[in-house]
Structure formats: structure tokens, C-alpha cells
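In the numbering used here, the protein residues as written are 329 to 532. Beta carbons: idealized from backbone N, C-alpha and C, even for Gly. Notes for the one structure printed next.
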Ligand code: SF4
Ligand code: SF4
């Protein structure tokens, strides 16, 4: 409906008081909800200052021991979404004495790339089951953030050159000097200590 310029219908007295009532009623209803929740214990925590504990078999970002990997591709074949990328010059063999692949042995192939695309990974742990050398595990870190889609692909062979089995998340780098548990986790990850394979599917 259109009205001549500057002329609008006047609200009736009843409408005026109804508007006031509706406004106050909305405020009261909103405050009742606020008061109901204000005394309930929050379900969220102030991460990373506080953290929740995970289940023992929690499956996080993988931990990969390249020194034990024979490049057999069994993990990649088991992966239901094809998100493990392996490039090698030839298969590799474990040295029976050291239990590791002897990189100086010319009969052993070189691992060129071992990468996992976390934009596809389901964290199903099916890749850990067929590994004959038990060198790929589900880790405990869950919060790997980045600024691009490319950041979701973790190049484990590049990490291995730095002595790492799993990536160090940005938040961990930023908070390691101020939060004690982050400092402990950072020390563990940067020294290449595994979190344990509690998240792996047990061998049958
Ligand atoms: S956890 Fe599952 S989806 Fe992720 S790499 Fe392993 S097999 Fe593939
Ligand atoms: S199954 Fe194990 S040994 Fe074989 S390529 Fe995968 S991680 Fe390496």
C-alpha cells in the first residue's frame, strides 16, 4: 500500500501498548533463556589452555616411521579413499640386525614420496592393518590446520628429513612457550617419539 509523501497511518492506542508489550515480552523471554544457561557448566573448554582427554584408541594424524617402510604399497591399496601417495625408485628391505631399512645399501630403493591427503582421509586406520613392518600408526594429534588446500597434504618423507614422524601443528608452535602440556607434546613430536599405536587396528 502506498501513502502520499509524509503521510503515514497513525498507530491506535491499542497498537501502541501492544508493541510495548511485545518488546518487553521478547526481552523477558530472552533473559529467561540467558539465566537458565548462565549457571550450567559449559561443555566447551578453552583450548589449548585447557584440553579434553581422548579415548585410548583415538585415531589422529598418522605417525610414520620411514626408516622401517619397505615401500610395499599395502597401506595405499588398503586405503578406501586412495589418499596415500607413495613414490619410490624400487622396493626396500629391512636389515635383520638393525630392524631398519639400510639406506646405504644400493639394492634398496629410495623413498621419494610418502604423503597423505587429509582432505580425503577418513581416519579409519585401515592403512595400519596390513603394514608388514608396523611403521604407520594412528597418532594423537587432531588439529592440523593450514591456510590452503595444499596444506592438507602431509609430506611424511619431507618430515622424515627433519627427524619427525608427524607434522607439528601451527597452534603447537605458537603456544609451546606458554602452555605446559603443549610444551611437553611439542618436545615429544619434535624429538620423533611416537604417541603409541593405541589407535591402530590390532593385529589378528
Ligand atoms: S586412515 Fe583410512 S582413509 Fe586415512 S589414510 Fe589410512 S586407510 Fe586411508
Ligand atoms: S604398508 Fe607399511 S611398509 Fe608398506 S608402504 Fe605402507 S607404510 Fe610402508
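Give every residue of the same chain whose Cβ lies closer than 6 Å to the Cβ of residue i, excluding the five residues on either side of it in the sequence, and list them in chain order.
i: residue 526; result: 384, 385
i: residue 491; result: 520
Just to confirm, are residue i and residue j a CB contact at a threshold of 8 Å?
i: residue 387; j: residue 453; result: yes
i: residue 463; j: residue 400; result: no
i: residue 402; j: residue 449; result: no
i: residue 376; j: residue 510; result: yes
i: residue 416; j: residue 437; result: yes
i: residue 468; j: residue 523; result: yes
i: residue 414; j: residue 404; result: yes
Looking at the structure shown, is residue i part of a helix, part of a strand, or coil, going by DSSP?
i: residue 441; result: strand
i: residue 409; result: coil
i: residue 514; result: helix
i: residue 390; result: strand
i: residue 356; result: helix
i: residue 342; result: helix
i: residue 416; result: strand
If I measure Cβ to Cβ from residue i and keep anything under 7 Å in the same chain, skipping five residues before and after, which residues do I get?
i: residue 528; result: 453, 456, 465, 466
i: residue 356; result: none
Going along the chain, which residues of its own chain have a beta-carbon closer than 8 Å to the beta-carbon of residue i, five neighbours each way excluded?
i: residue 498; result: 473, 474
i: residue 373; result: 379, 380
i: residue 410; result: 404, 448
i: residue 496; result: 514, 517, 518
Can you round the beta-carbon distance between residue i and residue j to whole angstroms, since I take them to be within the 8 Å contact cut?
i: residue 390; j: residue 494; result: 7 Å
i: residue 483; j: residue 420; result: Wrong, their Cβ atoms sit about 18 Å apart, outside the cutoff.
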